[in-house]
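Colleague:
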Amino acid sequence: MKWTLMMGCMLLAASAGAQVTRSYKPDWLVTPVTAKAQVLEKGKDITLSNTLVQRTFRIAPNVACYDYLNPVTGQQLLRAVKPEARVEINGKSYNVGGLRGQKENAYLLPAWLDGFTAGENDFIYERHTISEIKPRVQWKGTFWAANRKQPTGKQLEFYFKSKAPEAKGVTVIVHYAIYDGLPLIAKWATVENHSGATVSVNRIVHEILGMVEEESTVVGSPEKLKKPQGIYFETNYAFNNAMNYPVSDQTAHWKIDSSYTSQVNYDYNSPCLFEAYPDKVTDVPVADGESITSPATWELLMDSYDRERRGLAVRKMYRTIAPWTTGNPIFMHLVSKNDAEVKNAVDQCAATGYEAVILSFGSHVNMEDTAAANIARWKSLSDYAHGKGILIGGYSLFSSRRISDKDDVINPATGKPGGAFFGNAPCFGSEWGLAYRDKIKYFITQTGFDIWENDGPYPGDVCASTTHPGHKDAHDSQWRQMEIQKKLYRDLNEQGIYINAPDWYFLDGTHKIALGYREVNFSLSRDQQKILNRHNIYDGTWEKTPSMGWGFVPLTRYQGGGPEAVLEPLKDHLDDYKQLMFQYYGSGIQACYRGPRLYDTEETKTVVKDMINWYKKYRNILNADVIHLRRADGRDWDGILHADPQGKEKGFLILYNPLKTAITRTIRVPLYYTGLTTTARLLANGVTPKVYTLNRQFEAEMTVTLPPESYNWWVVQ
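Under our numbering, the first residue of the sequence shown is numbered 498, with each subsequent residue one higher.
#1: Restricting to Cα atoms, I'd like to know which of CYS769, TYR1002, PHE946 is closest to ILE887.
#2: Counting Cβ pairs closer than 8 Å, one from the region 610-627 and one from the region 539-556, do we hit at least three?
#3: What number of angstroms, rounded off, separates the C-alpha of GLY1148 from the C-alpha of GLN1214?
#4: Run the CB neighbour count on MET740, radius 10 Å, all protein chains shown included, and call it buried at 16 or more, exposed below.
#5: Grouping DSSP H, G and I as helix and E and B as strand, with all else coil, what is ASP564?
#6: Alpha carbon to alpha carbon, how far is GLY1083 from CYS846?
#7: With a floor of 3 residues, list each beta strand (DSSP E) that falls wholly inside the region 568-647, ordered by position along the chain.
#8: Does the separation of the CB atoms of ILE1034 and ILE994 fall below 8 Å?
#9: Straight-line CA distance for THR570 to THR649?
#10: Is the beta carbon of GLY1172 sitting closer than 8 Å to the one on PRO1155?
#11: Going by beta carbon distance, what residues of the same chain come within less than 7 Å of GLY727, once the five residues before and after it are set aside?
#12: Considering only their Cβ atoms, is the gap separating LEU526 from LEU809 smaller than 8 Å?
#13: Between the Cα of ALA1197 and the Cα atoms of SER1207, VAL854, HIS968, THR1175, which residue gives the shortest distance?
#14: In three-state DSSP terms, what is ASN1016?
#15: Give the straight-line distance between the Cα atoms of ALA674 and ALA686, rounded to the nearest whole angstrom.
#16: Use the C-beta contact count for ASN690: other C-beta atoms within 10 angstroms, 16 or more gives buried, fewer gives exposed.
#17: On the premise that VAL832 lies in contact with ARG1023, defined as a C-beta separation below 8 Å, what is that separation, rounded to the nearest angstrom?
#18: If distances are taken between C-alpha atoms only, which option among PHE613, TYR591, GLY588, GLU585 comes closest to THR577?
#19: If you draw a straight line from the alpha carbon of TRP1039 to that of LEU1021, how long is it in whole angstroms?
#20: Going by the CB atoms, is the gap between LEU1152 and VAL1188 shorter than 8 Å?
#21: Do VAL536 and ARG700 count as a contact pair if the criterion is CB distance below 8 Å?
#22: Just how far apart, CA to CA, sit ARG934 and ALA1177?
#23: Can you tell me where the alpha helix (DSSP H) holding ILE941 begins and where it ends?
#24: Could you tell me the alpha carbon to alpha carbon distance between ALA848 and TYR881, rounded to whole angstroms?
#25: Taking 8 Å as the threshold, find out whether the region 968-986 comes into contact with the region 662-671 through three or more Cβ pairs.
#26: Reducing DSSP to helix, strand and coil, say where VAL1212 ends up.
#27: Going by DSSP, which residues form a beta bridge with GLU796?
#28: Looking at the unbroken alpha helix (DSSP H) that takes in ALA847, where does it start and where does it end?
#29: In angstroms, rounded to a whole number, what distance separates the CA positions of TRP1111 and ASP1000?
#30: Give the DSSP-derived three-state secondary structure of SER520 in the structure shown.
#31: Tell me which same chain residues have a C-beta within less than 6 Å of the C-beta of ILE1028, skipping the five on either side of it?
#32: Contact check, THR1007 vs TYR939 under 8 Å by CB: the rounded distance?
#33: Give the secondary structure of PRO1204 by DSSP, where H, G and I count as helix, E and B as strand, and everything else as coil.
#34: Note down the Cα distance separating GLN747 from GLU731, rounded to an integer number of angstroms.
#35: Exposed or buried, which one is GLN835 when buried takes at least 16 other CB atoms within 10 Å?
#36: Going by DSSP, name the residue or residues bridged to GLN652.
Structure below.
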């Protein structure tokens, strides 16, 4: 019995044939782009360019972006001139930059620009500056990471002022960053107050784009119509405990454009106007001499509808702009009752090649206890771990708990606690919340802890309290709490602390989030967990690199379940223990091996040590991006492929057979993203080589026999 898996590179037209016809152009996802980002000034125009993205501005009589081009595909993203930003100050709205006078909004001709004018009360361009990109986080991690280089590129700032009397003394700065080697531009805006009085900043819309619509549909609501797919937006203002970005986003708003009267949609409902701003931030006081900076939006140009290619683009963006997310120390999740168990876990980690111990939830560590005796106790244990070459960290819960009526989030609808994301939750701007922040920083600094696992980070709750010292009222509470959370993460990251946090704070310093799983599934049988864990791995690596996600392996009872669900005694379930480790380490993902120990016998110790040695031998390629082959369904084989065109190993293929009988399959392994073009050498279990000639879709067609209930692997060279 044979089954052929059809997978192509699917570039642009979702077919490898399209790639063949344009193979004269290097693919930025395979071959590094050597051309550097530039800011080009010519007459009244300024252009950001790096061969993968081009964005051009006319700067007189005001700044307006009139060209946003994907040079790889030739796609023009813009159909109309819009303001560079929009700010609302003391209840009045002002355009920042932009030009007026465009009558036809379906397309834009550069020749029209000379006839456009600036608005009388708009914020008008005064000057601009050009500099190198500044790192957003001064990362100092000492743990293993796939990339330690900060991104490079150019930064452009436009400065604006308004003649409107009400805006006197206010300066708006619109910032752009263009990155080397990526079709990526970031944008954000700053409002500086030098008016001599406090001003209320009600809203900063830091990006406005009149974009070419995705489809021409005569009828239909904006919610049902397609959004433009030639660009991907991501912001550092995202939260929702969803474990994926699209659901977490809080700033992207696709709107209709009533000025676009020649669109096909009869009711002008095409969602072709993009604006970026947090909608629950409606009044932030900014004192004289101070400023407020909006979130940033990263804009990544896409050249394909293919899910894998789009995901690879996002993953490469993260590897470049947030290199700390490539950090991936090998850790266990210790459940401890006393100090002796901590030392035993440290000893076991050192003996097997593990690199870190995290005191799990339910352990006897309390990071909120800053009493001298507690600090001394954990400093001693930290010193012990460091003496063995082991990192140490602890778990601490912020949200999803009730503190008091005084310190909890106040529901704007009722004026009372309750109704927060987790029901009851503390406000980060309350006395308790600010003290929590300070206690965590003090504990980590004084004990020498290396890792912080922050469960229930601030999830975006709006608090209507008017007595909390960290915010004014409901209008600024989300903004103030978000800033407290993000600054805490940045500060700890810059101290070298590794941060696990189950929400989307990557771009402000966190390192890892959950893959996405249902916790009660870990009370199911080990056989079920094997399949479900492979689901989590497969589904959780489309937009995340392996190092950005964690999984879970309950060594002891968790969320219910009986003996069939747990691995203890480990010596009695070695095959299951080994396969669960292989599934995670083979995917490059660290799991929370939660229990009191890593091994219980010398035989178990050997299994763990051998697995870690294997993982470390292939660590670079196993941390490379995942190409998704077939999702586990228990009916037939499933598998993934790691690809790294710049690595020593170009790929790493893993196939599973969940059936109780051996199977023989012919599988077309897609090797385009390994950088191999004509032949590939696949080494079964790293030792038995076979050379394959790649077809026109850059696939190696291999016939394999997979033993029953097995996991199998090949190194690709």
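For every residue, glycine included, the Cβ atom is placed at its ideal position computed from N, Cα and C.
Keep in mind it's a predicted model, so treat the numbers as computed, not measured.
Modeller: Let me lay it out:
#1: Considering only alpha carbons, the answer is PHE946.
#2: yes
#3: 7 Å
#4: buried
#5: strand
#6: 19 Å
#7: Complete beta strand (DSSP E) runs here, min 3: 575-577, 582-586, 589-593, 620-629.
#8: The criterion of a C-beta distance shorter than 8 Å is not satisfied by ILE1034 and ILE994.
#9: 24 Å
#10: no
#11: ASN567, GLN572, LEU574, LEU798, MET799
#12: yes
#13: THR1175
#14: In the sequence as displayed, the identity of residue 1016 is Glu instead of Asn. Three-state result, GLU1016: helix.
#15: 12 Å
#16: buried
#17: Not confirmed; about 19 Å, so no contact.
#18: The residue you asked about is not Thr; residue 577 is Ala in the sequence shown. Taking only the C-alpha atoms, the option nearest ALA577 is PHE613.
#19: 25 Å
#20: no
#21: no
#22: 52 Å
#23: 928-944
#24: The straight-line gap from Cα to Cα measures roughly 14 Å.
#25: no
#26: strand
#27: ILE682, PHE730
#28: Residues 836-849.
#29: 31 Å
#30: Only weak support is given to the placement of SER520: the predicted model assigns it a pLDDT of 42, under 50, and the value that follows is read from those uncertain coordinates. Of the three classes helix, strand and coil, the one that applies to SER520 here is coil, per DSSP.
#31: Around ILE1028: ALA1129, GLY1131.
#32: THR1007 to TYR939, Cβ: 20 Å. No contact.
#33: Three-state DSSP puts PRO1204 in coil, outside helix and strand.
#34: 10 Å
#35: As written in the sequence, residue 835 is Asn, which differs from the Gln given in the question. ASN835 should be labelled exposed.
#36: According to DSSP, GLN652 bridges with SER628, ALA674.
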